[in-house]
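First comes the structure, then the notes that go with it.
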Amino acid sequence: MALVDDRSMTTGRVEWTGGSASVGDYFELLKPRVMSLVIFTALTGMVLAPGGVHPLIGFVGLLAIAVGAGASGALNMWYDADIDRVMSRTARRPVPDGRISASAALQFGVVLSVLSVMVLGVAVNWVAGSLLAFTIFFYVVVYTMGLKRRTPQNIVIGGAAGAFPPMIGWAAVTGAVSVESIVLFLIIFMWTPPHFWALALVKSDDYARAGVPMMPVVAGPGSTRRQIVLYSVLLAPIGVLPTLLGFAGLAYGAVAAVLGVVFLALAVQVARITEGPAARTAAMRLFFFSILYLFALFAVLLVEHLAVLHLAGA
Amino acid sequence: MDDRDLIELTPEQKRKRRTRSIAIALFLVGLVVLFYLVTIVKLGGNIASRAI
């Protein structure tokens with residue numbers, strides 16, 4: 002029991018080293034940066050979906066999706082505390098740092114998971130609620146517990162968890178899954194491997210020390226660089242699909258095409274520059290650009306759609 | 017006497033516990049308000065036009 006394990010005896014009374022977590026520490030368990038991307042892509046899915054939803058119900062839906070994503074982040078930090086502890090990027094997280102106990106992180110994650118799915122199901126609809134439940138299950142059980150420590154394809158398959166939010170947002174409005182929402186899913190799904198592998202190329206020592214079989218650790222940097230290019234080749238045209246399928250306009254299509262070409266060019270640079278600090282710079286450039294790429298694509302989708310609605314209403 | 021009765025929290029631990037308790041209270045109040053508002057929205061005009 003944590004209360005007994007964490008104490009250190011003093012004369013007469015007992016000091017307890019636990020209980021020092023702040024509200025901010027618990028908020029950190031929710032992976033707020035990941036959560037912000039989830040909110041943004043889910044909102045885009047909601048806005049693009051045909052039909053409409055009452056603003057309050059839409060807000061509750063978005064809140065539930067965000068909390069569900071945060072809950073899966075907390076469960077990931079509970080399970081991965083041992084490997085987070087040995088990686089420089091993650092050693093300061095609340096559980097490996099000792100600010101929150103593993104059991105508290107588990108309880109926090111489970112309670113928020115159940116609550117977010119129930120709220121989304123009851124207040125919005127059960128298609129969206131079921132998708133959120135599946136996303137949490139996929140991220141925690143399939144990715145974190147199953148794939149992450151076993152295969153270099155971990156983030157390829159596990160990337161699906163991060164790709165579901167726009168589909169959940171779409172389902173929150175329509176009560177169904179459609180081709181359009183699958184395309185939004187595919188954009189994030191194809192974006193995930195080059196995004197994470199660019200970072201993994203730079204942080205491969207960290208992953209190797211933690212025993213996580215990331216692609217650069219298992220297949221080597223050469224193979225990883227080739228696969229980054231391969232996924233970038235697939236991603237660029239998928240990025241333009243919303244325009245080709247008619248649920249986004251030409252402005253989006255132009256932005257997606259240009260950014261897709263830049264993405265590919267940066268990926269080729271990563272493949273060509275393999276030695277020294279320049280190789281690291283190329284990888285980090287692709288990593289940061291990939292964040293901008295995804296943000297820009299969904300921002301343009303959102304703004305363009307709102308502009309069209311505004312003009313149609315004017 | 018339970019082991020826990022012997023534990024003496026430091027002022028810092030007490031302060032952190034208090035802020036955590038306040039955060040949980042605010043979260044629960046927010047949830048109650050949210051459920052109330054969702055119920056009103058879901059009911060909509062149906063309650064007024066129901067068969068008597």
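Read top to bottom, the protein sequences are chains Y and B.
Basically my numbering = 1-based index in the first sequence + 1.
Basically my numbering = 1-based index in the second sequence + 16.
Cβ atoms here follow ideal geometry from the backbone N, Cα and C, with glycine treated the same way.
- Message: For F296 (chain Y) and L59 (chain B), what's the separation of their Cα atoms in angstroms?
- Response: Residue numbering aside, residue 296 (chain Y) sits at position 295 when the first sequence is read from its first letter. Residue numbering aside, residue 59 (chain B) sits at position 43 when the second sequence is read from its first letter. Those two C-alpha atoms are separated by around 37 angstroms.
- Message: Here's a check: name, in chain order, each residue in its chain whose Cβ is nearer than 7 angstroms to the Cβ of G176 (chain Y), leaving out the five neighbours to either side.
- Response: Along the first sequence, one-based indexing puts residue 176 (chain Y) at 175. Excluding residues within five positions, the ones whose Cβ falls inside 7 angstroms are N126, V128.
- Message: Residues in the same chain with beta-carbon distance under 6 angstroms from G71 (chain Y), minus the five sequence neighbours each way, listed in chain order, please.
- Response: Position 70 of the first sequence holds residue 71 (chain Y). Once the five neighbours on either side are set aside, the close Cβ partners of G71 (chain Y) are L31, M36.
- I66 (chain Y), DSSP secondary structure in three states: Position 65 of the first sequence holds residue 66 (chain Y). Helix at I66 (chain Y).
- Go ahead and label Q228 (chain Y) buried or exposed: buried means 16 or more other beta carbons lie within 10 angstroms of its beta carbon, across all protein chains shown. Taking the first residue of the first sequence as position 1, residue 228 (chain Y) is located at position 227. By the neighbour-count rule (16 or more Cβ atoms within 10 Å), Q228 (chain Y) is buried.
- Item | For I84 (chain Y) and V213 (chain Y), believed in contact at Cβ under 8 angstroms, the rounded distance | In the first sequence, counting from the first residue as 1, residue 213 (chain Y) sits at position 212. In the first sequence, counting from the first residue as 1, residue 84 (chain Y) sits at position 83. Yes, they are in contact, since the Cβ atoms of V213 (chain Y) and I84 (chain Y) sit about 6 angstroms apart, within 8 angstroms.
- Message: Taking 8 angstroms as the cut-off, does the region 191-205 of chain Y touch the region 282-290 of chain Y (at least 3 CB pairs, one atom from each stretch)?
- Response: The region 282-290 of chain Y makes contact with the region 191-205 of chain Y: 3 or more CB pairs, one atom from each, lie closer than 8 angstroms.
- Kindly indicate if chain Y contains any beta-carbon less than 7 angstroms away from that of A39 (chain B). Within the second sequence, the letter at position 23 stands for residue 39 (chain B). At least one chain Y Cβ lies under 7 angstroms of A39 (chain B).
- Does any CB atom of chain B fall closer than 7 angstroms to the CB of W17 (chain Y)? Walking along the first sequence from the start, residue 17 (chain Y) turns up at place 16. Closer than 7 angstroms to some Cβ of chain B, the Cβ of W17 (chain Y) qualifies, so yes.
- Buried or exposed (CB count within 10 angstroms, at least 16 for buried), V5 (chain Y): On the first sequence, position 4 is the one that residue 5 (chain Y) refers to. With a pLDDT of only 45 at V5 (chain Y), under 50, the local geometry of the prediction cannot be trusted, and the value read off the model is given with reservation. Flag for V5 (chain Y) reads exposed.
- What did DSSP end up calling I274 (chain Y) once you bin it into helix, strand or coil? The residue you call residue 274 (chain Y) lines up with position 273 of the first sequence. When secondary structure is reduced to three states using DSSP, I274 (chain Y) falls in the coil class, being assigned neither helix nor strand.
- What is the C-beta distance between A124 (chain Y) and V61 (chain Y), in whole angstroms, given that I count them as a contact (C-beta under 8 angstroms)? On the first sequence, position 123 is the one that residue 124 (chain Y) refers to. On the first sequence, position 60 is the one that residue 61 (chain Y) refers to. That pair is a contact at about 5 angstroms.
- Query: With burial defined as no fewer than 16 other Cβ atoms inside 10 Å of the residue's Cβ, what is the status of L245 (chain Y): buried or exposed?
  - Reply: The residue labelled residue 245 (chain Y) in the question sits at position 244 within the first sequence. By the 10 Å Cβ count, L245 (chain Y) comes out exposed.
- Task: Take the Cβ of A162 (chain Y) as the centre, count every other Cβ of all protein chains shown within 10 Å, and call the residue buried at 16 or more, exposed below.
- Result: In the first sequence, counting from the first residue as 1, residue 162 (chain Y) sits at position 161. By the neighbour-count rule (16 or more Cβ atoms within 10 Å), A162 (chain Y) is buried.
- Write down every uninterrupted run of the alpha helix (DSSP H) in the region 22-85 of chain Y whose length is 4 residues or greater and which is fully enclosed by it, in chain order. Here the runs fully enclosed are 24-30, 33-49, 56-80, 82-85.
- According to the neighbour-count rule (16 or more other Cβ atoms, all chains shown, within 10 Å of its Cβ), is P222 (chain Y) buried or exposed? The residue labelled residue 222 (chain Y) in the question sits at position 221 within the first sequence. Of the residues assessed, P222 (chain Y) falls on the buried side of the cut-off, its CB having 16 or more other CB atoms within 10 angstroms.
- Excluding five sequence neighbours on each side, which residues of the same chain lie with their C-beta closer than 7 angstroms to the C-beta of K204 (chain Y)? As a working note, residue 204 (chain Y) is residue 203 in the first sequence. R90, listed in sequence order.
- Message: Taking the beta carbon of K32 (chain B) as the centre, do at least 16 other beta carbons fall within 10 Å, making it buried, or is it exposed?
- Response: Here the question's residue 32 (chain B) lines up with position 16 in the second sequence. By the beta-carbon neighbour count (other beta carbons within 10 angstroms, threshold 16), K32 (chain B) is buried.
- L151 (chain Y) burial status per 10 Å Cβ neighbour count (16 or more: buried): Counting from one through the first sequence, the residue named residue 151 (chain Y) turns up at place 150. According to the sequence provided, residue 151 (chain Y) is Arg. The question's Leu does not apply to it. Exposed: under 16 other Cβ atoms inside 10 Å.
- Would a check of beta-carbon distances place S117 (chain Y) closer than 7 angstroms to chain B? As a working note, residue 117 (chain Y) is residue 116 in the first sequence. No, S117 (chain Y) lies away from the interface with chain B (no Cβ there is under 7 angstroms from its Cβ).
- Pick helix, strand or coil for I23 (chain B), following the three-state DSSP scheme. Residue numbering aside, residue 23 (chain B) sits at position 7 when the second sequence is read from its first letter. If DSSP states are grouped into helix, strand and coil, I23 (chain B) belongs with the strands.
- Note down, in chain order, every chain Y residue with its Cβ under 8 angstroms from the Cβ of L1 (chain B). Absent from the structure is residue 1 (chain B), since the part of chain B shown begins at 17 and ends at 68.
- Cα-Cα separation, S131 (chain Y) to T193 (chain Y): In the first sequence, counting from the first residue as 1, residue 131 (chain Y) sits at position 130. In the first sequence, counting from the first residue as 1, residue 193 (chain Y) sits at position 192. Between S131 (chain Y) and T193 (chain Y), the C-alpha separation is close to 23 angstroms.
- 8 angstroms CB neighbourhood of V327 (chain Y) in its chain, flanking five on each side removed: Within the shown structure, residues of chain Y are numbered from 2 to 315, placing residue 327 (chain Y) beyond reach of any answer.
- Under 7 angstroms between C-beta atoms, does A70 (chain Y) make it to chain B? The sequence position of residue 70 (chain Y) within the first sequence is 69, counting from 1. Residue-level contact by beta carbon fails for A70 (chain Y) and chain B, as no gap is shorter than 7 angstroms.
- Buried versus exposed, by CB contacts within 10 Å (16 or more), M2 (chain Y): For the purposes of this step, residue 2 (chain Y) is identified with residue 1 of the first sequence, where counting begins at 1. Annotation note: pLDDT 41 at M2 (chain Y) (below 50); position unreliable, no value reported.
- Message: What would DSSP say about V87 (chain Y), mapped onto helix, strand or coil?
- Response: On the first sequence, residue 87 (chain Y) is found 86 positions in, with the first residue counted as 1. V87 (chain Y) falls in the coil class under three-state DSSP.
- Query: chain B partners of G1 (chain Y), CB-CB under 7 angstroms?
  - Reply: For residue 1 (chain Y) there is no data in the structure shown, the boundaries of chain Y being 2 and 315.
- Message: Between the alpha carbons of P243 (chain Y) and T136 (chain Y), how many angstroms are there, rounded?
- Response: Counting from one through the first sequence, the residue named residue 243 (chain Y) turns up at place 242. Counting from one through the first sequence, the residue named residue 136 (chain Y) turns up at place 135. Their Cα atoms are separated by approximately 23 angstroms.
- Item | Any C-beta of chain B under 7 angstroms from that of S114 (chain Y) | Here residue 114 (chain Y) refers to the residue found at position 113 when the first sequence is read from its first residue. Cβ-Cβ to chain B under 7 angstroms: no for S114 (chain Y).
- Alpha-carbon to alpha-carbon, A41 (chain B) and V218 (chain Y): Counting from one through the first sequence, the residue named residue 218 (chain Y) turns up at place 217. Counting from one through the second sequence, the residue named residue 41 (chain B) turns up at place 25. V218 (chain Y) and A41 (chain B): Cα-Cα distance of roughly 46 angstroms.
- Item | Where V45 (chain B) falls, given that 16 or more other Cβ within 10 Å makes a residue buried | Against the second sequence, residue 45 (chain B) aligns to sequence position 29. V45 (chain B) is exposed by the Cβ-count criterion.
- Message: Quick check on D21 (chain B): buried or exposed, where buried means 16 or more other Cβ atoms within 10 Å of its Cβ?
- Response: Here the question's residue 21 (chain B) lines up with position 5 in the second sequence. Under the 10 Å beta carbon count, D21 (chain B) is surrounded by fewer than 16 other beta carbons and is classified as exposed.
- Item | T275 (chain Y) versus Y:F41, Y:E29, Y:A249, Y:S224, residue with shortest Cα-Cα distance | Looking up residue 275 (chain Y) in the first sequence gives position 274. The shortest Cα separation from T275 (chain Y) among Y:F41, Y:E29, Y:A249, Y:S224 belongs to Y:S224.
- Cβ-based burial, L49 (chain Y) [other Cβ within 10 Å; buried from 16]: Position 48 of the first sequence, counted from the start, is the residue given in the question as residue 49 (chain Y). Under this definition L49 (chain Y) is a buried residue.
- Whole angstroms is fine: what's the gap from A272 (chain Y)'s alpha carbon to V230 (chain Y)'s? Numbered from 1 along the first sequence, position 271 holds the residue referred to as residue 272 (chain Y). Numbered from 1 along the first sequence, position 229 holds the residue referred to as residue 230 (chain Y). The alpha-carbon atoms of A272 (chain Y) and V230 (chain Y) are separated by roughly 7 angstroms.
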